[in-house]
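This report refers to the structure that appears directly beneath it.
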Amino acid sequence: MLSDSNLTAILLTLKLAVIVTLILLLIGTPIAWWLARTRSWWKGPISAVVALPIVLPPSVLGFYLLIVMGPNGPVGHLTQSMGLGTLPFTFPGLVVASVLYSMPFVIQPIQNAFEAMGDRPLEVAATLRAGPLDRFFSVVIPLAKPGFMTAGVLGFAHTVGEFGVVLMIGGNIPGVTRVVSVQIYDYVEAFEYTDAHWLAAIMLVFSFLTLLAMYLFNPTTPRR
Amino acid sequence: MKLSNTLVALLFTLASSLACADEIDVAVAANFTAPMKAIAADFEKDTGHKLLLAFGSTGKFYAQIKNGAPFKVFLAADDATPAKLDKEGMTVPGSRFTYAIGSLVLWSAKPDFVDAKGEVLRKGQYEHLALASPKLAPYGEAAMEVMEKMGLAASLAPKFVLGENIAQTQQFVVTGNAELGFLALSQVMKDGKIASGSAWIVPASMHTPIRQDAVILSAGKGNAAAEALMKFLKSPKAAAIIKSYGYAL
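If you read the sequences in order, they're chains A and B. For what it's worth, the working numbering labels the leading residue of the first sequence as 1, then goes sequentially. For what it's worth, the working numbering labels the leading residue of the second sequence as 1, then goes sequentially.
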């Protein structure tokens, strides 16, 4: 049922999704916090930039990444001068692309949770002499937990479901950039429908279970 | 009243234009993009028919045709796929013929990177070698044959980046993300010579000939434009264009 190459693709996809989700939770939390709290004029433009990947077709993102990270692009110049080579066709390149691509799906739920919390819990904590860090970790994080859960699941699932960007900058290298969605595409193009069916069904069931878990453990209406 | 009049007039023009000149969907292999655009311009001028061209990989077109795509004519990148469609009764029998024989080229966007004998392949001073997926594209299959003949297939495999079709492969090389790659000669040839970069035109003896067949699909049965296009592809005028892009005939 699962050939070696399918197993490789599945493991690669999971590895990519885990790394991307962790990175996004790390860099997304401060951005979400800033967006939820700021009164700066910059809130509008930054929010728009964060939301861009929802609207942009993957072909646009893939095209720009291919140019910008390529040997003649600004990011390509930078990575080359650091002795790292260029990012397209590499696993780190996929990570960078996926972080950009899945960013809104992680930042927005966290930001919503922060905003819904209001100032009150923080003010109360402050009167109890909790320092800023203490307030963040023992008040904000627990209160925003549902937001973090949603962010984690959506970031993970969205990265697993990524296709267009990977196709454009990946180069279809087994074990490096050939993720499940690309593998399925290959099967369909090569008329290998049996393999395509197996892998596609696994994706379908996996995606459904992931979302089901999110809605079961993290209902949108609070149970009180 | 006025609106319905305009509508009737519009429908009438539409109907009359349909009657004298057809507009047909044509599926064209990605490697034949440039010559087909030139041929279509001439064809439309000469016959008054209109062509709606779709460019892509032969494998994808096959799946789409099997699932009811409206293409009337198919210009494939190989001869196996049209033959398969023939056998499956998806074509107009007897319409199939070879419209071009493809040439393979090893190309780099950088001048002086690829030498005239392809020795650059052996030296291995590059990170990425682009080719079309051998599983999906005849030009990728031919590239593998060449490397196998040179005894390099296994040692170069870690450097492979695979394009989904030959157009995407070219995009990898043009943007410089892959230093060099195996492409269709037609993609880098203009007016009978290599337009830019550096290239090794792979001798035809190093791989199975890339015979590209065209066929009228069942949807195009009895269609005047489809038949006119097949005839036009066999004309000396089309042959001159096809040859100028580096194909043999």
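Note that the Cβ used here is the ideal one computed from N, Cα and C, for glycine as well.
The Cβ atoms of B/A38 and B/T58 lie no closer than 9 Å to each other. Against chain B, a Cβ distance below 7 Å from A/L167 picks out E164.
For A/R37, the enclosing alpha helix (DSSP H) starts and ends at D4 to R37.
CA-to-CA, the gap between B/E23 and B/L51 works out to about 6 Å. Not a single C-beta of chain A is nearer than 9 Å to the C-beta of B/V120. Using a Cβ-Cβ cut-off of 9 Å, B/Q212 does not count as an interface residue toward chain A, since no Cβ of chain A sits closer than that to its own. The beta carbon of A/T38 does not come within 9 Å of any beta carbon belonging to chain B, so the residue lies off that interface. For the segment 170 to 202 of chain B, the set of residues with a beta-carbon nearer than 8 Å to any beta-carbon of chain A comprises Q171, F172, T175, G176, N177 and A178, in chain order. Looking only at A/A213, A/L16, A/P30 and A/W42, the smallest Cα-Cα distance to A/V153 is reached by A/A213. In this structure, B/A30 sits near B/G56, with a CB-CB distance shorter than 9 Å.
Each residue's CA atom was taken as its position, placing B/A27 and A/L25 some 45 Å apart.
A direct Cα-Cα distance of roughly 29 Å separates B/G102 from A/P88. At a beta-carbon threshold of 9 Å, the residues of chain A lying near B/V161 are P88, F89, G170, G171, N172, I173 and T177, ordered along the chain.
Chain-ordered listing is empty here: chain B has no CB closer than 9 Å to the CB of A/I19, the nearest sitting near 21 Å. When beta bridges are read from the DSSP output, B/F160 appears opposite B/L129. Taking 9 Å as the cut-off between beta carbons, the residues of the segment 109 to 135 of chain B near chain A are E127, H128, A130, S133 and K135, in sequence order. With a minimum length of 4 residues, the unbroken runs of alpha helix (DSSP H) contained wholly in the segment 47 to 111 of chain A fall at 58 to 68 and 74 to 81.
Among the residues facing chain A, B/K60 is included, as its CB has a counterpart in that chain under 9 Å away. For B/H207, same chain residues with a beta-carbon under 7 Å away, outside a window of 5 residues either side, are L104, A142, E145 and V146 in chain order. Leaving aside the five residues that flank A/P74 on each side, the residues in its chain whose CB is nearer than 8 Å to its CB run, in chain order, V68. Under the three-state reduction of DSSP output, B/Y245 falls in the coil class, being neither helix nor strand.
Minimum Cα-Cα distance from B/G181 among the listed residues B/G192, B/M189 and B/V161 corresponds to B/V161. According to the DSSP assignment, B/A54 belongs to the beta strand (DSSP E) that extends over K50 to G56. By alpha-carbon distance to A/P146, the top candidate from A/G170, A/A116 and A/G44 is A/A116. Taking 9 Å as the cut-off between beta carbons, none of the residues of the segment 146 to 157 of chain B comes near chain A.
Listed along the chain, the chain A residues whose CB falls inside 8 Å of the CB of B/A63 are V188, E189 and F191.
Boundaries cannot be given for A/W42, as no beta strand (DSSP E) includes it and DSSP labels it neither H nor E. Bridge pairing for B/I201: B/V105 [DSSP]. Just so you know, the alpha carbons of A/M103 and A/G131 end up roughly 30 Å apart. Counting only unbroken stretches of 4 or more residues, the alpha helix (DSSP H) elements lying wholly within the segment 170 to 233 of chain B are 185 to 188 and 224 to 233, in sequence order. A/I107 and A/L22 have their C-alpha atoms some 12 Å from each other. Proximity to A/S3 across A/F206, A/L216, A/V205 and A/T194 peaks at A/T194, based on C-alpha coordinates.
Leaving aside the five residues that flank B/G192 on each side, the residues in its chain whose CB is nearer than 7 Å to its CB run, in chain order, S244.
Counting only the Cα atoms, B/P134 lies some 24 Å from B/N67.
In the structure shown, the three-state DSSP call for B/T98 is strand. In the same chain as B/D25, and ignoring 5 residues on each side of it, the C-beta atoms closer than 7 Å to its own belong to L52, A54, P70, F71 and K72, in chain order.
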